[in-house]
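The numbers in the numbering used here rise by one with no breaks, and the one at position 195 of the sequence shown is 349. Glycine residues also receive a C-beta, built at the ideal position from the N, C-alpha and C atoms. Values in this document were obtained by computation on a predicted structure and should not be read as measured data. For reference, the structure discussed in these notes is given below.
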Amino acid sequence: MANQPKWDFVPHQHKGPAEQSGKDDHILSPKFHNGSFKSAGLATFMGAPYCPPDREAIRSMDARICFLGVPWDQGQMVRAGTSQGPAGLREASTQYFPYMFEYGVDLMEFFRPVDCGDIPIVPGNNKKSHEYIYQYVTECLEGGAQVILCGGDHSVPIPGSRALSDFHASGKIGYLHVDCHLDSAPDWEGNPNTNCSGPARAFDLPNCDGSNMAHMGSRNGLNPKDWVDFWVDNNVRLVPMQEVVDRGIDVCTKEIFDIAWDKTDGIYWSWDTDSLDASCMPGTTAPETFGIKPREALELARVAGTYGADIFEISELCPQYDVSDMSTKLVCCMIYHYLGSRAQTLQQNFHQS
Numbered sequence: 155m156a157n158q159p160k161w162d163f164v165p166h167q168h169k170g171p172a173e174q175s176g177k178d179d180h181i182l183s184p185k186f187h188n189g190s191f192k193s194a195g196l197a198t199f200m201g202a203p204y205c206p207p208d209r210e211a212i213r214s215m216d217a218r219i220c221f222l223g224v225p226w227d228q229g230q231m232v233r234a235g236t237s238q239g240p241a242g243l244r245e246a247s248t249q250y251f252p253y254m255f256e257y258g259v260d261l262m263e264f265f266r267p268v269d270c271g272d273i274p275i276v277p278g279n280n281k282k283s284h285e286y287i288y289q290y291v292t293e294c295l296e297g298g299a300q301v302i303l304c305g306g307d308h309s310v311p312i313p314g315s316r317a318l319s320d321f322h323a324s325g326k327i328g329y330l331h332v333d334c335h336l337d338s339a340p341d342w343e344g345n346p347n348t349n350c351s352g353p354a355r356a357f358d359l360p361n362c363d364g365s366n367m368a369h370m371g372s373r374n375g376l377n378p379k380d381w382v383d384f385w386v387d388n389n390v391r392l393v394p395m396q397e398v399v400d401r402g403i404d405v406c407t408k409e410i411f412d413i414a415w416d417k418t419d420g421i422y423w424s425w426d427t428d429s430l431d432a433s434c435m436p437g438t439t440a441p442e443t444f445g446i447k448p449r450e451a452l453e454l455a456r457v458a459g460t461y462g463a464d465i466f467e468i469s470e471l472c473p474q475y476d477v478s479d480m481s482t483k484l485v486c487c488m489i490y491h492y493l494g495s496r497a498q499t500l501q502q503n504f505h506q507s
């Protein structure tokens with residue numbers, strides 16, 4: 155890790171008459187964006203280069219992280235608006251440098267991230283849209299990268315986890331669900347692929363079972379009894395928000411990641427923005443009180459980074475309901491802290507080996 159060659163790249167949006175000239179300008183002030191801090195040019199997450207969602211292209215760029223947007227919100231049972239989540243998150247990332255001083259890491263240099271754009275969505279066609287999600291995620295995984303998947307409503311993990319299941323077809327996968335809601339409906343009036351059924355569909359996968367699944371963050375009244383029964387009857391670890399408050403976010407996060415990584419080959423981590431408290435996350439489809447606070451969210455991300463995940467998916471981000479960009483900026487920080495912690499952990503493991 156420490157001795158890897160420098161990444162010879164030019165961020166896509168920095169090309170043109172004002173193209174940057176210095177190799178490390180992306181982490182220096184005021185050279186980032188040539189002093190035009192908010193002028194992102196072509197909007198990509200973290201200012202990463204654009205890469206077609208093709209496995210060979212991803213390999214050729216030696217990318218370790220692929221950002222994929224999923225502007226799909228028609229599996230939604232509450233209010234729409236998550237189709238703007240990826241765009242809002244890219245915009246929020248223009249307000250940050252990819253250098254995380256808390257971890258002493260340049261995320262751009264370490265992970266060589268690429269933005270593969272938005273997955274095409276077919277309005278009104280859940281089946282076709284989910285198939286596209288499956289195909290695009292598969293290309294990123296086959297390209298040797300881990301995936302930051304930004305929705306979009308919480309039906310996104312259904313095709314996303316299926317892609318990971320097939321990628322590790324000869325092994326086992328774990329599944330983590332951090333959410334205000336349990337989302338374990340077998341179906342919604344005959345539709346098995348809404349934002350109410352992600353964990354139920356993960357449980358259907360041939361190489362994912364309850365021993366490597368866990369949920370954290372549930373609270374309040376939008377959790378019908380049959381959803382609770384799913385977790386209890388299948389002996390899946392359920393950590394409601396009250397337990398998080400009582401035991402601490404770090405302890406509970408370590409427990410669920412230990413469960414997911416126990417004798418598995420990879421994990422899918424699904425983080426619904428409504429798991430956070432409404433006071434700091436108004437820009438979500440179903441804001442609820444008594445949730446995870448910002449400091450706890452970043453601690454969760456930091457602990458998660460010590461474990462890692464093949465796919466880290468953020469869902470239900472709705473910029474149109476946001477206030478002063480607090481929701482999109484918080485989600486951006488959650489991802490940055492996860493990646494910073496992940497890089498720090500990998501560097502430490504390298505030096506200890």
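Check: Grouping DSSP H, G and I as helix and E and B as strand, with all else coil, what is A368?
Finding: Looking at A368 - three-state DSSP - the assignment turns out to be strand.
Notebook entry, point to check: Buried or exposed: N349, going by 16 or more other Cβ atoms within 10 Å of its Cβ?
Noted result: For N349, the number of other beta carbons within 10 angstroms of its own is at least 16, and it is reported as buried.
Notebook entry, point to check: Where does G328 fall in DSSP's three states?
Noted result: Three-state DSSP puts G328 in a strand.
Check: Distance, Cα to Cα, A172 vs S319?
Finding: Any reading at A172 must be qualified, since the residue scores a pLDDT of 47, below 50, and its modelled position is unreliable; the value itself is stated next. A172 and S319 have their alpha carbons spaced roughly 44 angstroms apart.
Notebook entry, point to check: Which residues bound the beta strand (DSSP E) around E467?
Noted result: Boundaries of the beta strand (DSSP E) harbouring E467: I465 to S469, taken from the DSSP string.
Margin query: In whole angstroms, give me the CA-to-CA distance for G271 and M395.
Written below: C-alpha separation (whole angstroms): 34 angstroms.
Check: Can you list, in chain order, the residues of its chain whose CB lies under 6 angstroms from that of T443, leaving out five sequence neighbours each side?
Finding: If we look at T443 and ignore the five residues flanking it on each side, its Cβ neighbours are A432.
Next item on the list: Confirm, please, whether the CB-CB distance from D412 to E470 is below 8 angstroms.
Entry: In this structure, D412 does not lie closer than 8 angstroms to E470 by Cβ.
Notebook entry, point to check: Rounded to a whole number of angstroms, what is the C-alpha to C-alpha distance between S183 and V259?
Noted result: Cα to Cα, the separation comes out at about 16 angstroms.
Margin query: Quick check: what's the CA-CA separation for Y253 versus C362?
Written below: In this structure, the straight-line span from the alpha carbon of Y253 to that of C362 is close to 36 angstroms.
Check: Do the segment 450-458 and the segment 490-500 meet, that is, are 3 or more Cβ pairs less than 8 angstroms apart?
Finding: At 8 angstroms Cβ cutoff, the stretches touch.
Next item on the list: Hey, could you find the ends of the beta strand (DSSP E) Y257 is sitting in?
Entry: Here Y257 belongs to no beta strand (DSSP E), and DSSP marks it neither H nor E.
Next item on the list: Would you decide whether G235 is buried or exposed? Buried here means 16 or more other CB atoms lie within 10 Å of its CB.
Entry: Note on G235: 16 or more other CB atoms within 10 angstroms of its CB, so buried under the neighbour-count rule.
Notebook entry, point to check: To the nearest angstrom, how far is it from the Cα of A497 to the Cα of M262?
Noted result: Their backbone Cα atoms lie some 11 angstroms apart in a straight line.
Notebook entry, point to check: Are the beta-carbon atoms belonging to C434 and S247 less than 8 angstroms from one another?
Noted result: Result no, Cβ atoms of C434 and S247 do not sit closer than 8 angstroms.
Note to self: Using 8 angstroms for Cβ pairs, my map puts P207 next to G306. What's the rounded Cβ distance?
What the structure shows: Contact between P207 and G306 does not hold, since the beta-carbon distance rounds to 15 angstroms and is not under 8 angstroms.
Margin query: Here's the rule: buried if 16 or more other CB atoms are within 10 angstroms of the residue's CB, otherwise exposed. What is G344?
Written below: G344 comes out exposed.
Next item on the list: Would you tell me roughly how many angstroms separate the C-alpha atoms of L500 and L484, rounded to the nearest one?
Entry: Each residue's Cα considered, the two are about 24 angstroms apart.
Item checked: Nonlocal neighbours in the same chain, by C-beta distance under 8 angstroms from S365, ignoring five residues either side -> Same-chain partners within the cutoff: N389, I413 and D416.
Checklist line | Whole-angstrom C-beta distance between A368 and I410, which should lie under 8 angstroms | finding: Yes, I410 and A368 are in contact; Cβ-Cβ is about 4 angstroms, under 8 angstroms.
Margin query: I'd like the list of long-range same chain contacts for A202, defined as Cβ closer than 6 angstroms, with 5 residues on each side in sequence excluded.
Written below: Answer for A202: P267, V268 and D269, listed in chain order.
Item checked: Per DSSP, the bridge partner or partners of L392 -> Bridge partners of L392: H369.
Note to self: Along the chain, where does the alpha helix (DSSP H) containing Q501 start, and where does it finish?
What the structure shows: For Q501, the enclosing alpha helix (DSSP H) stretches over residues M480 to Q506.
Notebook entry, point to check: When the Cα atoms are used, what is the spatial distance from Y257 to D178?
Noted result: For the pair Y257 and D178, the Cα-to-Cα distance works out to about 18 angstroms.
Next item on the list: Report all residues from its chain with a CB closer than 7 angstroms to the CB of H287; omit the five preceding and five following residues, and keep chain order.
Entry: For the record, residue 287 in the displayed sequence is Ile; it is not His. Result list for I287: V224, I273, V310, P313 and G314, in chain order.
Check: Going by beta carbon distance, what residues of the same chain come within less than 6 angstroms of A458, once the five residues before and after it are set aside?
Finding: These residues qualify, in order along the chain: Y492.
Notebook entry, point to check: So what does C220 bridge to, in DSSP terms?
Noted result: DSSP, once it has assigned bridges, lists V268 and V301 as partnering C220.
Item checked: Neighbourhood of S372 by C-beta, 6 angstroms cutoff - its chain only, sequence neighbours within 5 removed -> The beta carbon of S372 sits closer than 6 angstroms to the beta carbons of L336 and P394 from its chain, once the five residues preceding and following it are set aside; these are given in chain order.
Notebook entry, point to check: How is the beta strand (DSSP E) around I421 delimited, first residue to last?
Noted result: Residue range G420 to D426 is occupied by the beta strand (DSSP E) that includes I421.
Notebook entry, point to check: Starting from R355 and walking both ways along the alpha helix (DSSP H), at which residues does that stretch end?
Noted result: DSSP places R355 inside the alpha helix (DSSP H), whose first and last residues are G352 to D358.
Margin query: Helix, strand or coil, according to DSSP, for W381 in the structure here?
Written below: Helix at W381.
Next item on the list: With a 10 Å radius around its C-beta and 16 neighbouring C-beta atoms as the bar for buried, classify P240 as buried or exposed.
Entry: Label assigned to P240: buried.
Next item on the list: Would you list the residues sitting across from T236 in a DSSP beta bridge?
Entry: Under DSSP, T236 shares a beta bridge with no residue.
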